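Residue 1 is where the sequence shown starts when you use full-length UniProt numbering, and the numbers rise one by one after that.
A quick write-up on the structure given underneath.
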Amino acid sequence: MPDFSERPRRPDDHPGHRPLPAGCFRVQRPIRFSHSDPAGIVYFPVYFDMFNGVVEDWFTQGLDIDYASMILDRRLGLPIVHAECDFTIPSRMGDTLTLGVLIERLGRSSLKLRINGEVNGQVRLSGGLTVVTTSLDDFASIPIPDDIRHAMERYKAGCEV
């Protein structure tokens, strides 16, 4: 039987639960009625939809690589092969959630991202996404193209400053 008398887990017990560095890309999303479950808090799958949206925005606005063109013209995909999330504090309708992106690992063809959601600087959730660069013609993994890799390396260095 677990011992629930121990100190409760604090949001900053895990490094991913700390606010992202100042140089990281951020977008704000209002929490709407349609995001909420009957308990009045964000229904957890909605966050994964938000994660996907923030990655698209990050490519286009943060890396200056048009996401739609990457998919439609260059035929490059970024399917999620692993997703995880820790929900530390509930968010409710009326909150404004700030979502930020941090590169945790840049591999040959894969990328691990940390996406934190914060309200007023307080981390509400911390998600991890692993995506793999693929050809949309045969769905095989491919190395991250040089222009994208260079943009990601510049971004990663800017977040660490």
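Where is the CB? At the ideal position from N, CA and C, for every residue including glycine.
Because the structure is a prediction, the values reported are computed rather than measured.
- For the 8 Å CB-CB criterion, V55 and V27 do not form a contact.
- Contact between S109 and S141 holds: their C-beta atoms lie close to 5 Å from each other, under 8 Å.
- Three or more beta-carbon pairs separated by less than 8 Å are not found between the segment 37-45 and the segment 100-109, which leaves the two stretches without contact.
- Around the Cβ of V81, a 10 Å sphere holds fewer than 16 other Cβ atoms; the residue is exposed.
- Cβ-Cβ distances below 7 Å link I148 to I65 in the same chain, with the five nearest sequence neighbours on each side left out; the list follows chain order.
- Put simply, of I71, A39, G127, D37 the residue whose alpha carbon is nearest the alpha carbon of H17 is G127.
- Nearest in C-alpha terms to F87, of all of I103, R74, V101, F48, is F48.
- The DSSP-derived three-state label of C24 is coil.
- Residue burial annotation: E118 is buried, with at least 16 other C-beta atoms found within 10 angstroms of its C-beta.
- Under the DSSP assignment, R154 falls in the alpha helix (DSSP H) whose first and last residues are 146-160.
- When DSSP reads this structure, V123 sits in a beta bridge with E118.
- Judged by their CB atoms, T134 and G77 are nearer to each other than the 8 Å cut-off.
- Linking K156 to D57 through their CA atoms gives a straight-line distance of about 16 Å.
- Where V55 is concerned, the enclosing alpha helix (DSSP H) starts and stops at 44-57.
- For A83, there is no enclosing alpha helix (DSSP H); the enclosing beta strand (DSSP E) covers residues 80-87.
- By alpha-carbon distance to D137, the top candidate from R75, P30, S69 is R75.
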